[in-house]
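Numbering (the UniProt record's numbering), first residue to last: 1 to 73.
Beneath this line is the structure, given in C-alpha cells, with notes to follow.
Next up, the structure:
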C-alpha cells in the first residue's frame, strides 16, 4: 500500500513539470546599454500612513522619477 502511494506521488510530481517556453522575439530593437537603464522599483506606502508619511512617500517617488528620467537621453 505504501509503495503505491509513493509511486503515485512520484508519477504526479513528474507529470507536473512543465518544460520552459522558448523566448519570444523582441518587438522593439535592443537599445544600447548606455542609453537603457532600468529604474528602481517604487517604494510601497503602508496602509494607515500619516499625512507626513504620505507626503514623504510622494516626494520620494518624484525624486526617483526625476533621477531615472535624467539618466536617459
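For each residue, glycine too, the CB sits at the ideal point set by N, CA and C.
key: DSSP three-state assignment for residue 48, whether helix, strand or coil   = In the chain shown, the residue the question calls residue 48 occupies position 48. Note: residue 48 maps to coil in three-state DSSP.
ask   = Run through DSSP, which three-state label would residue 67 get?
value = By one-based count along the chain shown, residue 67 stands at place 67. Note: residue 67 maps to helix in three-state DSSP.
task = Consult DSSP for residue 53 and reduce its assignment to one of helix, strand or coil.
result = Stepping through the chain shown from its first residue, residue 53 is reached at position 53. Of the three classes helix, strand and coil, the one that applies to residue 53 here is helix, per DSSP.
ask   = Can you check whether the CB of residue 57 is closer than 7 Å to the CB of residue 42?
value = Walking along the chain shown from the start, residue 42 turns up at place 42. Walking along the chain shown from the start, residue 57 turns up at place 57. In this structure, residue 57 does not lie closer than 7 Å to residue 42 by Cβ.
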